[in-house]
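Remember, our numbering sits 2 above the position in the sequence shown when you count from 1.
For reference, the structure is listed below as structure tokens.
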Amino acid sequence: MTRFDAGLMTAFLIGFVAMLAAGLTHAAGGGAEMAASVAPDRHFDPKGKAPSAVTLQVLNQARKTLPFGDKRDFDEEKRGFIAAPESKKILGPDGNVVWDLERYEFLLEGEDFDSIHPSLQRQSTLNMNFGLYEVIPGVYQVRGFDLANISFVKGDTGWIIFDPLTSEETARAALELVNKHIGKLPVKAVVYSHSHGDHWGGVRGVVDEADVRAGKVEIIAPRDFMLHTISENVYAGNAMNRRLFYQYGILLPASPYGHAGQGLAQNISIGSVTLIPPTRVIEDDIEELTVDGVKMIFQNTPNTEAPAEMNTYFPDMRLLWMAENIVAAFHNIYTLRGAPVRDALRWSKYISRALYLFGQDAEVMFASHHWPRWGNERIQEVMRGQRDLYANINNQVLHYANQGVTINQIHNVFETPEGIAEQWFNRGYHGSPEHNSRAIINRFLGYWDANPATLIPLSPAESAPLYVEMMGGSEKIIARGRELHDEGAYLEAQEILNKLVQAEPDNQAAKDLLADVFEQIGYQQENPGLRNSYLAGAYELRSGIPGGAQISTTSGDVIRAMSTELFLDFVGIRMDPEKAAGMEFKINLITPDNGEQFVVELRSSTLTNVEGFLADDPDLTVTINRSDLEAVMGGQKTLRAMIDDGTAQAEGNADIIGQLASTLVVFDPRFEILPGTKGPAPAGDPNDYEVSGIDPSGE
Numbered sequence: 003m004t005r006f007d008a009g010l011m012t013a014f015l016i017g018f019v020a021m022l023a024a025g026l027t028h029a030a031g032g033g034a035e036m037a038a039s040v041a042p043d044r045h046f047d048p049k050g051k052a053p054s055a056v057t058l059q060v061l062n063q064a065r066k067t068l069p070f071g072d073k074r075d076f077d078e079e080k081r082g083f084i085a086a087p088e089s090k091k092i093l094g095p096d097g098n099v100v101w102d103l104e105r106y107e108f109l110l111e112g113e114d115f116d117s118i119h120p121s122l123q124r125q126s127t128l129n130m131n132f133g134l135y136e137v138i139p140g141v142y143q144v145r146g147f148d149l150a151n152i153s154f155v156k157g158d159t160g161w162i163i164f165d166p167l168t169s170e171e172t173a174r175a176a177l178e179l180v181n182k183h184i185g186k187l188p189v190k191a192v193v194y195s196h197s198h199g200d201h202w203g204g205v206r207g208v209v210d211e212a213d214v215r216a217g218k219v220e221i222i223a224p225r226d227f228m229l230h231t232i233s234e235n236v237y238a239g240n241a242m243n244r245r246l247f248y249q250y251g252i253l254l255p256a257s258p259y260g261h262a263g264q265g266l267a268q269n270i271s272i273g274s275v276t277l278i279p280p281t282r283v284i285e286d287d288i289e290e291l292t293v294d295g296v297k298m299i300f301q302n303t304p305n306t307e308a309p310a311e312m313n314t315y316f317p318d319m320r321l322l323w324m325a326e327n328i329v330a331a332f333h334n335i336y337t338l339r340g341a342p343v344r345d346a347l348r349w350s351k352y353i354s355r356a357l358y359l360f361g362q363d364a365e366v367m368f369a370s371h372h373w374p375r376w377g378n379e380r381i382q383e384v385m386r387g388q389r390d391l392y393a394n395i396n397n398q399v400l401h402y403a404n405q406g407v408t409i410n411q412i413h414n415v416f417e418t419p420e421g422i423a424e425q426w427f428n429r430g431y432h433g434s435p436e437h438n439s440r441a442i443i444n445r446f447l448g449y450w451d452a453n454p455a456t457l458i459p460l461s462p463a464e465s466a467p468l469y470v471e472m473m474g475g476s477e478k479i480i481a482r483g484r485e486l487h488d489e490g491a492y493l494e495a496q497e498i499l500n501k502l503v504q505a506e507p508d509n510q511a512a513k514d515l516l517a518d519v520f521e522q523i524g525y526q527q528e529n530p531g532l533r534n535s536y537l538a539g540a541y542e543l544r545s546g547i548p549g550g551a552q553i554s555t556t557s558g559d560v561i562r563a564m565s566t567e568l569f570l571d572f573v574g575i576r577m578d579p580e581k582a583a584g585m586e587f588k589i590n591l592i593t594p595d596n597g598e599q600f601v602v603e604l605r606s607s608t609l610t611n612v613e614g615f616l617a618d619d620p621d622l623t624v625t626i627n628r629s630d631l632e633a634v635m636g637g638q639k640t641l642r643a644m645i646d647d648g649t650a651q652a653e654g655n656a657d658i659i660g661q662l663a664s665t666l667v668v669f670d671p672r673f674e675i676l677p678g679t680k681g682p683a684p685a686g687d688p689n690d691y692e693v694s695g696i697d698p699s700g701e
């Protein structure tokens, strides 16, 4: 095995836990202290620009054509309100802010911001709902405390909690609010609806693990929950964590010119991520269970919004919980931070099954994001609309693909039908038609567009200088880029300016102009992931990759949940093949307390492992209890130290441990995405600047 430097593994795990906190498999997380809010008339960047005349025209057209007369969401969003805390901030044990909804209060000022798409502003205004709400008598939600909702179902003797948020601190605050206004009751069960971290990370804020072990509290989850909770984000974890800077805009200040909401909610909490493994797994496709007198029918829906997910129907209450399979948004088929592409057709079919199993009887439908829907007619409207949304993009994209439309064309060809797009709950507040349509082709046909010229493409740094040369050099490109910018031809401008920035990473004038282009494209986006990505790119081009403290957690829950195999797999990913050149050995790893055994082999600069076997001729055999190995996994101790103190036993050439450790790389969570942006973090307060005095007409 390895002699892990404590800092190396800790660095990985901090990033990994941060990603799990993000939606872990879908949503946000990552690395910074919460950026402050900015006064609506101020820009957080000294080089920031106001919306151009073309951008104003795009947004005004949306105001004229979208169905703003439909106010039902606003009625549903406020229905059942009971109470809210005085403060919209939730603090951690050291007084640190782990949740801050106050940053977004500019959305409540009644102003139509010219730098936010009106549809996104509408959604973000709705997501300012904050506090305790009654769904039906005996069923409650706390909304606005995190990226997700936490729901409370009253049983005969206590609470059954659905989806305990991302952070221990926000979940605890939600439980305290419920106990204060409804009455204090013990928690009898917790249900994890699916494997994304904003639906389980706060579990220790609502239950004590000792009560779980004693059988006083049941933890219920869908099949394969633990497998997908840990595995989906590990292998490419550092890259996903970096990409979250873009999708979730986690380093953008809350501002009309920056972060203006995340679609599913305003943002994600940055407290302590915890995990208690389930005590009961719902294995069957349809499974009935009664907990504390509450009858529930679970519907497993694997490989929909999450690889492990389930809906729940409460027949005695005619109440339907749709987890995250139905929310007030078009969800991600492909999430920009990176994850396996989801199956839109399967997703649609599971919604359809839920409609015919439960939806024709249900009188109330609620979910892990947004607000409930009341009345069977409204429920069926939403269920059919969302079913059609996912089926349509699957079928229509493949219809075009079978006629030769490629992954590089589909987003400019596919269009959501008006009958689907005119429904607010089908708008692209998490996924967008543009990147989801490309995802469908990627799922079925892969990334290649079938043009042989793109089979072995040059890297951008190699191809860009050729383009710059053929276009006549940087001055001509900047001049033409400025013309296109001023014309409002932003996509055309980014095409040539990106080539110049790739060829000349130190050309700040080119980077600033490309940033101006990105900013206008960002302002025009309805989808927050697209908006954030463009605005984060503009920020980095102008000022470099932002600083900010990484999420810090001492929780060992996620570390303990990693399988030994997953841990060994990731060691192989961290190994630098050049440093491992010429090394060759076999290690037997034995963990007696859980009966595992592995052969770990290094040859041809490749580390592999196989569970359930031992080599007959190992160079080293390491015997260590899995419970002790977790200290190595978490970076608290080195394997060498544990051998020296007798916690682990080594037979054979123990120098192999040091050899393997010497090949391991610490991944930088702030690697460059755009060239020329790596450098010291900008000094000063990024929130203290007036908007540049730019005439919106562009003249």
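Just so you know, even glycine gets a beta-carbon here, dropped at the ideal spot from N, CA and C.
- For the region 460 to 541, the continuous alpha helix (DSSP H) assignments of 4+ residues that do not extend past its boundaries occur at 462 to 472, 476 to 489, 492 to 505, 510 to 525, in sequence order.
- When the five nearest sequence neighbours on each side are left out, the beta carbons in the same chain lying within less than 7 Å of the beta carbon of threonine 303 are those of Glu311, Met312, Asn313, Asn327, Tyr352, in order along the chain.
- Using a Cβ-Cβ distance cut-off of 8 Å, the region 228 to 239 and the region 514 to 521 are not in contact, since fewer than three pairs of beta carbons, one from each stretch, lie closer than that value.
- Histidine 432 is a Cβ neighbour of glycine 531, given a cutoff of 9 Å.
- Three or more Cβ pairs drawn from the region 367 to 386 and the region 328 to 348 lie within less than 8 Å of each other, which places the two stretches in contact.
- With a beta-carbon spacing of about 7 Å, threonine 168 and valine 275 fall inside the 8 Å limit used to define contacts.
- Here alanine 346 has Ile335, Tyr392, Ile395, Asn396, Ile442 as same chain residues with Cβ atoms under 7 Å from its own Cβ, once five neighbours each way along the sequence are excluded.
- A contact is defined here as three or more CB-CB pairs under 8 Å, and the region 180 to 197 fails this definition with respect to the region 256 to 263.
- A direct Cα-Cα distance of roughly 10 Å separates phenylalanine 300 from alanine 223.
- For glutamate 436, the uninterrupted alpha helix (DSSP H) run begins and ends at 435 to 447, by DSSP.
- Under the three-state reduction of DSSP, arginine 672 is assigned to coil, being neither helix nor strand.
- Taking 4 residues as the shortest admissible run, the region 189 to 227 contains the following complete alpha helix (DSSP H) segments, listed from N- to C-terminal end: 211 to 215.
- The continuous beta strand (DSSP E) containing lysine 156 extends over residues 152 to 156.
- By the criterion of a C-beta distance shorter than 7 Å, glutamate 586 is surrounded in its chain by Leu604, Arg605, once the five residues flanking it on both sides are discounted.
- Sorting Met635, Met644, Thr623 by C-alpha distance to the C-alpha of glutamate 653 places Thr623 at the top.
- The alpha-carbon separation between phenylalanine 132 and glutamate 107 amounts to approximately 12 Å.
- The Cβ atoms of methionine 242 and alanine 150 lie no closer than 9 Å to each other.
- Cβ contact annotation for valine 667 (same chain, cutoff 6 Å, sequence separation greater than five): Arg576, Asp578, in chain order.
- Collapsing the DSSP output to three states places glutamine 301 in a strand.
- Ranked by Cα distance from tyrosine 525, the options Asp47, His45, Leu61 are led by Leu61.
- The region 355 to 364 and the region 446 to 461 do not touch, with fewer than 3 CB-CB distances between them shorter than 8 Å.
- Residue pairing by DSSP places lysine 186 opposite no residue, since no beta bridge is assigned to it.
- The beta-carbon separation of lysine 581 and aspartate 621, rounded to 18 Å, does not stay under the 8 Å limit for a contact.
- Counting other Cβ atoms within 10 Å of its Cβ, lysine 297 stays below 16 and is therefore classed as exposed.
- For glutamate 104, the closest C-alpha among the options Arg174, Ala256, Gln143 is that of Ala256.
- Distances from the CA of aspartate 619 to each of Phe572, Val144, Glu307, Asn655 were compared; the closest alpha carbon is that of Asn655.
- If one requires a minimum length of 3 residues, the beta strand (DSSP E) runs lying completely within the region 599 to 626 are 608 to 613, 622 to 625, in chain order.
- Between the alpha carbons of threonine 159 and aspartate 657 lies a distance of about 59 Å.
- The Cβ atoms of proline 317 and aspartate 363 lie closer than 9 Å to each other.
- Excluding residues up to 5 positions away in sequence, Ala466, Tyr469, Val470 lie with their Cβ nearer than 7 Å to the Cβ of lysine 501 in the same chain.
- Between lysine 73 and arginine 544, the CB-CB gap reaches or exceeds 9 Å.
- The Cβ atoms of phenylalanine 673 and valine 236 lie no closer than 9 Å to each other.
- Annotation note: the region 303 to 376 contains the following uninterrupted beta strand (DSSP E) runs of length 3 or greater, listed N- to C-terminal: 312 to 316, 321 to 323, 366 to 368.
- Under DSSP, glycine 654 forms a beta bridge with Leu622.
- Counting the other CB atoms within 10 Å of its CB gives threonine 292 a total below 16, which places it among the exposed residues.
- Secondary structure at arginine 65: helix, using DSSP grouped into helix, strand and coil.
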